[in-house]
Amino acid sequence: MSDKVYSWLLRLYPSHFRQAYGEEARQLFRDRARAEKGFLPAVRLWLDLLVDLAISLPREYRYGQPQVQAATRQPVEASPSFHVLEVEPPRFGALFLGGLFSLVALYGISVLFSHPGEYRRDAASFSQRQTQVDTRPSPSGPAVSHAATTAYKRMAASGQPVDARLRADASNPSDSQSKAPLPVGQTSSPQEQVSQLMPQSANHSINRVAEEVKLDAAERQLVLNTVIKNLKEHYFDPEVARKATNELLGHQHDYDGVMEGATFARLLTGLIREVSHDRHLEVVYSQSRLPAQPLTPTPEALARYQQRLQQENCTFEKVAILPHNVGYLKLNSFPEPSICRQTAMAAMAALNQAKAIIFDLRDNGGGFAPMVSFIAAYLFDHPEYLYDPRVSPTQQSWTRSPVPGNKLADKPVYVLTSTSTVSAAEQFCYDLKMLKRATLVGERTRGSAHAGIWYRIDDHFGMGIPETRPVNPFSKTDWEGTGVEPDVKVKAVDALVTAEKLAERKLRR
Amino acid sequence: MPKRKLDPLPSAAFQILLALADEDLHGYGIMRQVAEQTCNRMRLGPGTLYSSIQSLLAEKLIEEVGLREDEKLGQERRRYYRLTSAGRKLARSEAERLADLLRVARVKKIFRGEYV
Chain U
17 MSDKVYSWLL RLYPSHFRQA YGEEARQLFR DRARAEKGFL PAVRLWLDLL VDLAISLPRE
77 YRYGQPQVQA ATRQPVEASP SFHVLEVEPP RFGALFLGGL FSLVALYGIS VLFSHPGEYR
137 RDAASFSQRQ TQVDTRPSPS GPAVSHAATT AYKRMAASGQ PVDARLRADA SNPSDSQSKA
197 PLPVGQTSSP QEQVSQLMPQ SANHSINRVA EEVKLDAAER QLVLNTVIKN LKEHYFDPEV
257 ARKATNELLG HQHDYDGVME GATFARLLTG LIREVSHDRH LEVVYSQSRL PAQPLTPTPE
317 ALARYQQRLQ QENCTFEKVA ILPHNVGYLK LNSFPEPSIC RQTAMAAMAA LNQAKAIIFD
377 LRDNGGGFAP MVSFIAAYLF DHPEYLYDPR VSPTQQSWTR SPVPGNKLAD KPVYVLTSTS
437 TVSAAEQFCY DLKMLKRATL VGERTRGSAH AGIWYRIDDH FGMGIPETRP VNPFSKTDWE
497 GTGVEPDVKV KAVDALVTAE KLAERKLRR
Chain P
1313 MPKRKLDPLP SAAFQILLAL ADEDLHGYGI MRQVAEQTCN RMRLGPGTLY SSIQSLLAEK
1373 LIEEVGLRED EKLGQERRRY YRLTSAGRKL ARSEAERLAD LLRVARVKKI FRGEYV
């Protein structure tokens, strides 16, 4: 037994020592154990061994192997030389453990590769917050004012009569409602939406104390009546509005005793969506007071937004010519053309000589329809109607093709998509797919199509209502809720490689 | 990697050299001899013993003289070690160095009466 223990202790020594003296050391131990019988001698023996171990182990490791010393003593010429330090082959256990650790390390690295990391994602979503509001930002930080700013700009750009509404509200202050545009493609939670609509510059004037306001029957009735009134007046489909009204009135007994605003808002939203299936139709509750007037963006906020965009090269992340003269454009949003027109023109000019073109929209969180039209113009030799479910057709719904000097109108186009391809980016995908102008490669897109206009009901309630739905020239449904289906379905990470292969094959023909 | 030093001579190595002065011994024999000549004060453990033997062999102060049995300890074959002339010379010079020290100590009168 004790011999076994000592054998095990001997394994702590370096292998060269074990090999040379292991057997002798065990022999010595056996001799001593045989000679020194009894309790006290045995204790002394083990004490000696432990002291000996403590002293000699470090020394053995420090002074190392005689072979190494001999090897290093030889004069080393310019030629390389190899020395075997361990004469003993590695033990099976060591090989097994080494293999296991290598596999774990390799697996870890591959996992890390496929997850680009939180930092990058945060940075990306932050920049998207600056440029458009379709992402789901947390309602904090300076991004809020940008988001609201953008919402206004978007409405202005899409021709919504924001100013007219403001004037109407100002002239009729007794009206408990006031309107503000709701960002396009909203699907985020009510709290976030409300927060997005509050520019920071106005925050100090808003009572942000989060008091828990209990609902009473009177307020519930007021909210319900206003919701019904708004639906009838503003929803683009009167038939659906009527059905939703019936649904709301039919469940009146459910509302009794609902004391929390958020619960009540969810209840109403659920009922309306039951019949409308429209994700942009919703009732929103805000714990903090909603501003009485819609807020106009301050010039500083606009300047910051503009500066931010310019710093990020208008989210044109990469313009490159890939092998086989395939042009590549990674675009992370469709920014406001009034700010980014030059950048967009420069990017398209850089790709003008390409034989095929790949648009990478895998991280594109959306943006402004005019930019969609601006870029798409390069892909046609005649004006083409780009369907946008958000707004009624305007002059900007037609591409301004042909673009002078442009050579891309007849080149193959590939669009890379992912589940993070949202809103305006989906419009780009949808229209190019329907016009058979591009091959979509990647994953099905997010599925965020419609836009709602924001209506204030009272201090804590508001609602979003889509007001228009233009005729879809391609099919009965757009991509709302379902996303745009790619032509070639591959994982988003593999999309670029796949598209490159497709382009190469096509060009070879 | 630093080279193992025998200069100054560690006391364990000196004791091993002294133990081998009379006869060839195997490891256990050396250990017993050392314990005997130090009145059981120094009991060399296997680690210290064989690492000392290793360095003494490397410096050719002792040598291996092959395997044989020790009748007193049974059938097992043991490796015996022998002092080389270089080892003897080193042991002598070490003893002289200690004798010098002893002389100094005597002059300084740090001994108790009976040793003077």
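Residue numbers (our numbering), protein chains in the order written: chain U, 17 to 525; chain P, 1313 to 1428.
The beta-carbon is built from N, C-alpha and C at its ideal position, and this holds for glycine as well.
CB contact check: residue i to chain U, cutoff 8 Å
{"i": "Gly1378 (chain P)", "result": "no"}
{"i": "Glu1388 (chain P)", "result": "yes"}
{"i": "Pro1358 (chain P)", "result": "yes"}
{"i": "Leu1385 (chain P)", "result": "yes"}
{"i": "Met1343 (chain P)", "result": "yes"}
{"i": "Glu1355 (chain P)", "result": "Glu is not the amino acid found at residue 1355 (chain P); the sequence shown has Arg there. Output row for Arg1355 (chain P): interface = yes."}
{"i": "Gly1399 (chain P)", "result": "no"}
{"i": "Gln1366 (chain P)", "result": "yes"}
{"i": "Lys1420 (chain P)", "result": "no"}
{"i": "Tyr1392 (chain P)", "result": "no"}
Rounded C-alpha distance that separates residue i from residue j
{"i": "Leu116 (chain U)", "j": "Ala365 (chain U)", "result": "52 Å"}
{"i": "Ala281 (chain U)", "j": "Ser464 (chain U)", "result": "21 Å"}
{"i": "Lys449 (chain U)", "j": "Val431 (chain U)", "result": "9 Å"}
{"i": "Phe1423 (chain P)", "j": "Thr1350 (chain P)", "result": "19 Å"}
{"i": "Gly468 (chain U)", "j": "Val407 (chain U)", "result": "11 Å"}
{"i": "Glu76 (chain U)", "j": "His1338 (chain P)", "result": "21 Å"}
{"i": "Asp47 (chain U)", "j": "Val1346 (chain P)", "result": "15 Å"}
{"i": "Tyr321 (chain U)", "j": "Tyr251 (chain U)", "result": "32 Å"}
{"i": "Ile1328 (chain P)", "j": "Arg107 (chain U)", "result": "35 Å"}
{"i": "Lys1420 (chain P)", "j": "Arg1409 (chain P)", "result": "17 Å"}
{"i": "Lys522 (chain U)", "j": "Val504 (chain U)", "result": "14 Å"}
{"i": "Ala1403 (chain P)", "j": "Phe1326 (chain P)", "result": "7 Å"}
{"i": "Ala393 (chain U)", "j": "Gly273 (chain U)", "result": "56 Å"}
{"i": "Met387 (chain U)", "j": "Gly343 (chain U)", "result": "19 Å"}
{"i": "Pro6 (chain U)", "j": "Leu264 (chain U)", "result": "Here chain U comprises residues numbered 17 to 525, so residue 6 (chain U) is not present and cannot be evaluated."}
{"i": "Trp470 (chain U)", "j": "Lys517 (chain U)", "result": "46 Å"}
{"i": "Ala1398 (chain P)", "j": "Lys1372 (chain P)", "result": "7 Å"}
{"i": "Glu496 (chain U)", "j": "Arg258 (chain U)", "result": "22 Å"}
8 Å Cβ cutoff, residue i in contact with chain P
{"i": "Leu69 (chain U)", "result": "yes"}
{"i": "Leu56 (chain U)", "result": "no"}
{"i": "Asp64 (chain U)", "result": "yes"}
{"i": "Gln43 (chain U)", "result": "yes"}
{"i": "Ala528 (chain U)", "result": "What is shown of chain U runs 17 to 525, which leaves residue 528 (chain U) out entirely."}
{"i": "Glu40 (chain U)", "result": "yes"}
{"i": "Asp47 (chain U)", "result": "yes"}
{"i": "Leu545 (chain U)", "result": "Since the first and last residues shown for chain U are 17 and 525, residue 545 (chain U) lies out of range."}
{"i": "Glu333 (chain U)", "result": "no"}
{"i": "Ile516 (chain U)", "result": "With the sequence shown as reference, residue 516 (chain U) is identified as Glu, and Ile is not the correct amino acid for it. By this cut-off, Glu516 (chain U) is not an interface position."}
{"i": "Glu76 (chain U)", "result": "yes"}
Residues of its chain near residue i, where Cβ-Cβ distance is below 7 Å and the 5 sequence neighbours each way are ignored
{"i": "Lys427 (chain U)", "result": "Ala370, Lys371, Ala372, Ile373"}
{"i": "Met479 (chain U)", "result": "Val243, Asn246, Glu298, Val299, Val300, Tyr471, Ile473"}
{"i": "Ala515 (chain U)", "result": "Ile374, Tyr430, Leu432, Val457"}
Residue i classed as buried or exposed, judged by whether at least 16 other C-beta atoms fall within 10 angstroms
{"i": "Asp447 (chain U)", "result": "buried"}
{"i": "Tyr1340 (chain P)", "result": "buried"}
{"i": "Ser1405 (chain P)", "result": "exposed"}
{"i": "Leu306 (chain U)", "result": "buried"}
{"i": "His32 (chain U)", "result": "buried"}
{"i": "Ala360 (chain U)", "result": "buried"}
{"i": "His131 (chain U)", "result": "exposed"}
{"i": "Ala317 (chain U)", "result": "buried"}
{"i": "Tyr123 (chain U)", "result": "exposed"}
{"i": "Lys53 (chain U)", "result": "exposed"}
Own chain residues within Cβ distance below 6 Å of residue i, not counting five before or after
{"i": "Ala260 (chain U)", "result": "Leu247, Ile288, Val291, Ser292"}
{"i": "Gln443 (chain U)", "result": "Val388, Asp404"}
{"i": "Phe45 (chain U)", "result": "Tyr22"}
Residue(s) in a DSSP beta bridge with residue i
{"i": "Ile1374 (chain P)", "result": "P:Leu1395"}
{"i": "Met479 (chain U)", "result": "U:Val299, U:Tyr471"}
{"i": "Arg1389 (chain P)", "result": "P:Glu1381"}
{"i": "Leu432 (chain U)", "result": "U:Asp376, U:Val457"}
{"i": "Gly383 (chain U)", "result": "U:Phe350"}
{"i": "Gly343 (chain U)", "result": "U:Ile337, U:Ile373"}
{"i": "Glu276 (chain U)", "result": "U:Lys230"}
Neighbourhood of residue i by C-beta, 8 Å cutoff - its chain only, sequence neighbours within 5 removed
{"i": "Arg27 (chain U)", "result": "Arg34"}
{"i": "Leu73 (chain U)", "result": "Leu28, Tyr29"}
{"i": "Arg42 (chain U)", "result": "Asp19, Tyr22, Ser23, Leu26"}
{"i": "Gln412 (chain U)", "result": "Ala385, Pro386, Ser389"}
{"i": "Leu402 (chain U)", "result": "Ala385, Val388, Ser389, Ala392, Ser413, Trp414, Thr415, Gln443, Asp447"}
{"i": "Arg357 (chain U)", "result": "Phe390"}
{"i": "Tyr271 (chain U)", "result": "Arg236, Leu240, Phe280, Leu283"}
Interface flag, residue i vs chain A, CB-CB below 8 Å
{"i": "Ser1363 (chain P)", "result": "The chain inventory of the structure shown lacks chain A, comprising the protein chains U and P."}
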